[in-house]
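What follows is a short report on a single structure.
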Amino acid sequence: LTEKEESMARKKTEDRMAPERAYVAPESARAAGVQMILRQGARWQNDGQFYQAMDAYATIVQDYPDTDEAREAQARMLAVAQSMEAAGKYHQALALYRRISESQRDFQSKPAEDAEAARAARRERVLDALARIPAKPEE
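According to this note's numbering, the stretch in the sequence shown is residues 183 to 321, in order.
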């Protein structure tokens, strides 16, 4: 090959490679974004900012319902609600269980993956029933 032909061949190769270099696969960008939201939710959860954590987790469940990250987010949402219940914060736990149930009603997912939502719905019903029991008057 002459120098000119070699230069033209190199340019054609570079032209074909340019879109690949500039291209970011949507799947990898999506996965990175979801992981970032999940990590932020975990930071908020660890810092005791439960409602911010729930927002982050709910975003993942709503926007990426059929992913491993959504299943992880559901499990974390349930853990937050259970920790509130264990701490005796029943009204807050009830609100969180309702939120988990509502986030599941909005989006269809596989029955096997709905275990967290089913547990949340059961706890929601129990706490709702408990909330309706009148307080015992002090004697």
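Heads up, the beta-carbon is just placed ideally off N, CA and C, and yes, glycines get one too.
Within the continuous alpha helix (DSSP H) that includes residue i, where are the two ends?
i	result
Q231	Run containing Q231: none; DSSP gives neither H nor E here.
D250	D250 to A268
Closest to residue i by CA distance: which of the options is it?
i	options	result
R212	Y233, I242, S283 and E188	I242
M236	L260, D250 and Q217	L260
A240	I282, T184, G230 and A275	I282
L309	A302, L276, S285 and E284	L276
L278	G230, A268 and A302	A302
E251	Y272, Q274, E187 and G215	G215
Where does residue i sit, in a helix, a strand or coil, going by DSSP?
i	result
K186	helix
Y246	coil
- Query: Does the pairing of the stretch 210 to 227 with the stretch 244 to 256 give three or more beta-carbon distances under 8 Å?
  - Reply: yes
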